[in-house]
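Student: Once you've had a glance at the structure underneath, I'll fire off some questions.
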Amino acid sequence: MFTIITGAQFGDEGKGKIVDLISDNYDLVVRFQGGDNAGHTVKVGDIVYKLHLIPSGFLLDSRVLIGPGTVLNPLSLAQELEMLAKGGIHIGPEKLGIDAKTSIIMPYHIELDGLKESSRSEKIGTTKKGIGFAYIDKVARDEIRLADLTDKAKFLARIGELASQKESSIRELGGDPSVVMDSKSIDLYVSLGQKFAPYVTDVSLEINKALEEGKNVLAEGAQGTHLDVTHGTQKFVTSSSTIAGSACANLGVGPTKVDNVLGIVKAYITRVGEGPLPTELKDDVGKQLQQVGREFGTTTGRARRCGWFDMPLVKKAVFLNGYTELALTKLDVLSDIDPLKVCVGYELDGKFMDYPPELTGDLARCVPIFEELPGWSNDLTNVRQFSDLPDAARRYVAYLEEKTGIPIEYISVGPGREQTFRK
Ligand code: IMP
Ligand code: MG
């Protein structure tokens, strides 16, 4: 069985929590795009881990893989492994595989990301992790792959080839080009290459073999649908394709192999960074969602913008991903808000639309049209099954299910594993 999970909104829908819950059933859990711009929080007992690269299935028996369509900051991964080791969780090459072709994020990518962002008059609000610049190099065929990093001579030769180009790009943006050939960071990268050499694998081959043997594979997306580099709200997007089809393309698995596509959707909407968010709440309700939902970025600590559930955006996500089922997260955060609003369409230039306009500039001009639903005042965090939800909460879920046309299979009412249940 091959399942793909993606976020249906702007990321931070709680994918990690759902993957963690269902990865029990999977032999392989695989990341297919993005890098350490992603972030999720995993609670193991009393210890809270903030993770960026390791696929969420690492806690269970599954083997976890990082696919060749990702961009990998090896220092960030090493720090993550170290942090987990301190908590007694050791992740060796039998547990984690990284594709030989994975593009490496170099210090100059991070430098360029920061410089470029500060030079933009209209900001994107990137995570400044060098994601976009690493992908530029991949497409330009100027990338350093994991297979280059693990071979010291090849790595040094490759940096030598690329150095003057990178130095002049940094200089052009007013930065300090010495970061490119900084001997300390080059030595560090060489040692990281040695560290990760045993982890190198052919991800496409591993997955296809596993599927042939009847095993279960879960592809875990990062970020969210509307941050997709092609179909998202350009230019306020990330630099990879975040939608379900991207899993096939980036992992080298044929689309005929896909069995399920699970969309993760928050009971409201959040966005971190710039770009349109038609239902954004700049009032006390928005603050309440932010505080109660702890809507602060795992990677950058930035406050996430919050708004009402935006049905047109989710409808578009259903089209782009072909969801077969949905998981609805953070339902508990909506307690004590009455009435609740759901955006069912927009008004644009005097016309009603129940689907987002294609262009970002038009989306930014859309005025949301709401329907109201009764709220509830009960605390939901101790609810363990659907039938124990208050009537109004069940009605809210049923309403979303009907409007999206996709069955909601999971509901979560808090960060703990026991707080997610099947509908
Ligand atoms: P980048 O991916 O760092 O280039 O950032 C591009 C845009 O995507 C910015 O608006 C970021 O805030 C957003 N972004 C990147 N990664 C995530 C994520 O994991 N969750 C939510 N937003 C993200
Ligand atoms: Mg996140």
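If you want the working numbering, it's the position in the sequence shown, counting the first as 1, plus 471. Every residue, glycine too, gets a C-beta built ideally from N, C-alpha and C. Since the model is a prediction, treat every value here as computed from it, not as a measurement.
1. Taking Cβ to Cβ, would you say K737 is nearer than 7 Å to K812?
2. Buried or exposed for G821, going by 16 or more other Cβ atoms inside 10 Å?
3. Would S527 pass as a contact of D491 if the rule is Cβ separation under 7 Å?
4. Skipping 5 residues on each side, what residues in its chain have a beta carbon closer than 6 Å to that of C837?
5. Of the residues A611, E565, T541, S592, which one's Cα is nearest the Cα of I602?
6. Are the Cβ atoms of I475 and A788 separated by less than 7 Å?
7. Just checking my contact of L760 with C777 at CB under 8 Å: how many whole Å lie between their CB atoms?
8. Using a threshold of 7 Å, state whether the C-beta atoms of M472 and N687 are closer than that.
9. Just to confirm, does I489 get its C-beta within under 6 Å of one of the non-hydrogen atoms of ligand 1?
10. Please state whether DSSP places K874 in a helix, a strand or coil.
11. Looking at H511 and ligand 2, is the gap between the Cβ and the nearest heavy atom below 6 Å?
12. For K521, count the other beta carbons within 10 Å of its own beta carbon; 16 or more makes it buried, fewer makes it exposed. Which is it?
13. Using a threshold of 6 Å, is the CB atom of D483 nearer than that to any non-hydrogen atom of ligand 2?
14. Since L784 and H697 are thought to touch, with beta carbons under 8 Å apart, how far apart are those beta carbons, to the nearest angstrom?
15. What I want to know is whether the C-beta of T769 ends up closer than 6 Å to one or more non-hydrogen atoms of ligand 2.
16. Provide the residue(s) that pair with L799 in DSSP beta bridges, ordered along the chain.
17. Near T598, what residues of its chain come up, given a Cβ to Cβ distance below 6 Å and the 5 sequence neighbours on each side ignored?
Tutor: Taking the coordinates as given:
1. Not in contact: K737 and K812 (Cβ atoms no closer than 7 Å).
2. G821 counts as exposed, since fewer than 16 other beta carbons sit within 10 angstroms of its beta carbon.
3. Yes, the pair counts as a contact, with Cβ atoms nearer than the cut-off.
4. Contacts found: P749, Y817, L819.
5. Comparing Cα-Cα distances from I602 to each of A611, E565, T541, S592, the minimum goes to T541.
6. Taking 7 Å as the Cβ cut-off, I475 and A788 do not qualify as a contacting pair.
7. Rounded, the Cβ-Cβ distance is 4 Å, consistent with contact.
8. Taking 7 Å as the Cβ cut-off, M472 and N687 qualify as a contacting pair.
9. No; taking the cut-off as 6 Å, the Cβ of I489 has no heavy atom of ligand 1 nearer than that.
10. Collapsing the DSSP output to three states places K874 in a helix.
11. Yes, Cβ of H511 sits closer than 6 Å to a heavy atom of ligand 2.
12. Within a 10 Å sphere around the beta-carbon of K521 sit fewer than 16 other beta-carbons, which makes this residue exposed.
13. At least one heavy atom of ligand 2 is nearer than 6 Å to the Cβ of D483, so yes.
14. Yes, they are in contact, since the Cβ atoms of L784 and H697 sit about 6 Å apart, within 8 Å.
15. The answer is yes for T769.
16. BP columns for L799 point to V736, I882.
17. Counting only Cβ-Cβ distances below 6 Å, and skipping sequence neighbours, we find N508, T770, T771.
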